[in-house]
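S.K.: In our numbering, the protein residues as written are 126 to 285. Glycine is no exception: its CB is placed at the ideal position from the N, C-alpha and C atoms. The structure is given below, and queries will be raised subsequently.
What follows is the structure, encoded as structure tokens:
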């Protein structure tokens with residue numbers, strides 16, 4: 126597990142990279158890397174919008190608690206754990222790993238998860254005087270997200 130977490134180290138020269146996808150002569154050109162990130166982010170952003178609407182419409186109409194953001198952030202953490210676990214165990218070429226990290230990790234999951242919305246919702250709850258709800262929401266988001274990531278990472282590593 127530690128190996129997969131180390132694989133997501135941020136480098137000064139760009140986004141997080143999967144293990145085996147460090148900068149090398151085979152690294153993707155910046156324009157191609159940018160296209161991977163933009164393509165993934167477009168899909169992730171649309172997925173976040175429609176899934177969030179679906180959750181709010183179907184399950185939590187009338188609630189002031191940001192359930193959709195909580196569910197999306199936990200699901201995104203779970204998916205990031207799956208991705209990094211898979212990439213850490215994969216024997217794929219470094220350029221393939223880098224492509225998947227950029228497309229799915231940085232792009233799709235970056236567009237899908239909603240930390241900026243999370244922050245705005247926390248501040249809004251505090252301004253409304255909903256201190257307990259804001260503490261519960263923040264705690265649940267962080268703890269459940271981290272647990273989802275670890276569970277996915279362990280599960281993926283156990284598959285191989």
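Quick check on this structure: which residue in 261, 225, 199 and 240 has the alpha carbon closest to the alpha carbon of residue 272?
M.R.: Stepping through the chain shown from its first residue, residue 272 is reached at position 147. Nearest C-alpha to residue 272: 199.
S.K.: Whole angstroms is fine: what's the gap from residue 171's alpha carbon to residue 228's?
M.R.: Looking up residue 171 in the chain shown gives position 46. Looking up residue 228 in the chain shown gives position 103. The alpha-carbon atoms of residue 171 and residue 228 are separated by roughly 15 Å.
S.K.: My understanding is that residue 91 touches residue 225, with C-beta atoms under 8 Å, so please give their C-beta distance in whole angstroms.
M.R.: Absent from the model: residue 91. The displayed extent of the chain is 126 to 285, so no value can be given.
S.K.: Give, in chain order, every unbroken run of the alpha helix (DSSP H) that is at least 4 residues long and sits entirely within the region 187-231.
M.R.: Runs found: 192-214 and 219-225.
S.K.: Three-state secondary structure (DSSP) at residue 155?
M.R.: Indexing the chain shown from 1 puts residue 155 at position 30. Correct three-state label for residue 155: helix.
S.K.: Grouping DSSP H, G and I as helix and E and B as strand, with all else coil, what is residue 173?
M.R.: Within the chain shown, residue 173 is the residue found at index 48, counting from 1. DSSP places residue 173 in helix when its eight states are reduced to three.
S.K.: Would residue 231 be called buried (16 or more neighbouring beta carbons within 10 Å of its own) or exposed?
M.R.: Working through the chain shown from its first residue, we reach residue 231 at position 106. With 16 or more other Cβ atoms within 10 Å, it is buried.
S.K.: Using only alpha-carbon positions, find the residue among 166, 195 and 252 that is nearest to residue 265.
M.R.: In the chain shown, the residue the question calls residue 265 occupies position 140. Checked all of 166, 195 and 252; the closest Cα to residue 265 is 195.
S.K.: To the nearest angstrom, how far is the alpha carbon of residue 160 from that of residue 167?
M.R.: In the chain shown, counting from the first residue as 1, residue 160 sits at position 35. In the chain shown, counting from the first residue as 1, residue 167 sits at position 42. Their backbone Cα atoms lie some 10 Å apart in a straight line.
S.K.: Residue 262: buried (16+ other C-beta within 10 angstroms of its C-beta) or exposed?
M.R.: Walking along the chain shown from the start, residue 262 turns up at place 137. Per the 10 Å Cβ criterion, buried.
S.K.: How big is the Cα-Cα spacing for residue 184 and residue 210?
M.R.: On the chain shown, position 59 is the one that residue 184 refers to. On the chain shown, position 85 is the one that residue 210 refers to. Their backbone Cα atoms lie some 31 Å apart in a straight line.
S.K.: In whole angstroms, what separates the C-alpha of residue 235 from that of residue 244?
M.R.: If you number the chain shown from 1, residue 235 lands on position 110. If you number the chain shown from 1, residue 244 lands on position 119. Going from the Cα of residue 235 to the Cα of residue 244 covers about 15 Å.
S.K.: Cα separation between residue 162 and residue 156?
M.R.: The sequence position of residue 162 within the chain shown is 37, counting from 1. The sequence position of residue 156 within the chain shown is 31, counting from 1. Their Cα atoms are separated by approximately 10 Å.
S.K.: If we count the other Cβ atoms within 10 Å of its Cβ and call it buried at 16 or more, is residue 238 buried or exposed?
M.R.: Counted from its first residue, the chain shown places residue 238 at position 113. Buried, because 16 or more other Cβ atoms sit within 10 Å of the Cβ of residue 238.
S.K.: Could you check if residue 212 is buried or exposed, using at least 16 other CB atoms within 10 Å of its CB as the buried criterion?
M.R.: Against the chain shown, residue 212 aligns to sequence position 87. Buried is the call here.
S.K.: State buried or exposed for residue 280, treating a residue as buried only when at least 16 other CB atoms are found within 10 Å of its CB.
M.R.: Here residue 280 corresponds to residue number 155 of the chain shown, with the count starting at 1. Counting Cβ neighbours within 10 Å, residue 280 comes out exposed, since fewer than 16 surround it.
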